[in-house]
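Let me begin by presenting the structure, written as structure tokens, before commenting on it.
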Amino acid sequence: MAKNILTEENFKKLHNVIEQYKHIQGPLMPVLNEAQVIFGAIPYEVQKTISEALNIPLAEIYGVVTFYSQFTLEPKGDYLIAVCLGTACYVKGAQKLLDQIVTRLGVKVGETSPDGRYSVEATRCIGACGLAPVLTVNNAVYGRLVEGDIQGILEKYSKTAEEVSA
Ligand code: FES
Numbered sequence: 001m002a003k004n005i006l007t008e009e010n011f012k013k014l015h016n017v018i019e020q021y022k023h024i025q026g027p028l029m030p031v032l033n034e035a036q037v038i039f040g041a042i043p044y045e046v047q048k049t050i051s052e053a054l055n056i057p058l059a060e061i062y063g064v065v066t067f068y069s070q071f072t073l074e075p076k077g078d079y080l081i082a083v084c085l086g087t088a089c090y091v092k093g094a095q096k097l098l099d100q101i102v103t104r105l106g107v108k109v110g111e112t113s114p115d116g117r118y119s120v121e122a123t124r125c126i127g128a129c130g131l132a133p134v135l136t137v138n139n140a141v142y143g144r145l146v147e148g149d150i151q152g153i154l155e156k157y158s159k160t161a162e163e164v165s166a
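1 is the number of the first residue of the sequence shown in full-length UniProt numbering; add one for each residue after it.
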């Protein structure tokens with residue numbers, strides 16, 4: 001089941017943040033930054049609350065949230081699997097790795113699995129071209145990959161963060 005991020009407690013924190021910034025000039029960016037941390041994303045309900053509290057049109061907030069890559073509309077999974085599709089990785093078969101991950105997990109690029117475990121992304125060059133093709137899972141980097149490596153990598157992350165710490 002997807003994590004419920006829209007808790008009363010999170011909205012309470014958001015209101016405190018809004019109180020803190022609402023009198024400064026240009027309160028939107030600091031409020032959005034904090035909202036991303038509190039909720040792990042800035043979905044519609046959060047945008048609406050901020051819009052009403054700061055008296056900023058919803059469309060403007062939506063525009064900012066979708067423009068800056070540090071903001072997301074949906075929470076990311078416990079494991080963010082990002083396959084580099086930069087030129088060096090692409091010519092070494094990164095697309096095939098990505099296709100395999102999508103097929104194995106049943107999660108489309110840019111989406112998160114319904115259980116909140118995995119998000120899959122394609123990225124631009126991450127500066128590790130010498131290791132092409134490269135993918136990252138959260139902060140771990142895997143390089144010089146061949147298609148046969150994918151199963152083992154995914155198995156490593158087959159437990160949720162909660163199961164690992166339990
Ligand atoms: S192209 Fe993939 S790391 Fe540079």
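Think of the CB as a built atom: it goes at the ideal place given N, C-alpha and C, for glycine as much as any other residue.
Where DSSP assigns a beta bridge to E121, which residues make up the other side?
A82
Nearest by alpha-carbon distance to T103: which of C84, L154 and E45 is it?
L154
Between the stretch 93 to 102 and the stretch 42 to 58, can you find at least three pairs of beta-carbon atoms closer than 8 Å?
no
Please classify L135: does DSSP put it in a helix, a strand, or coil?
strand
Does the beta carbon of I126 fall short of 7 Å from some heavy atom of the ligand SAM?
This structure simply doesn't include the ligand SAM; it includes the ligand FES instead.
Which residues does DSSP pair with T112 in a beta bridge?
S119
Specify, as a first and last residue, the run of the beta strand (DSSP E) that Y68 falls within.
Element bounds for Y68: n/a, residue is neither H nor E.
For the putative contact between I50 and V64, defined by C-beta atoms under 8 Å, what is the C-beta separation to the nearest angstrom?
Rounded, the Cβ-Cβ distance is 10 Å, inconsistent with contact.
Excluding sequence positions up to five away, which residues of its chain have a Cβ less than 8 Å from the Cβ of K48?
L58
For P114, count neighbouring Cβ atoms within 10 angstroms of its own Cβ and tell me buried if that reaches 16, exposed if not.
exposed
Buried or exposed by the 16-neighbour rule on C-beta atoms within 10 Å, applied to Y157:
buried
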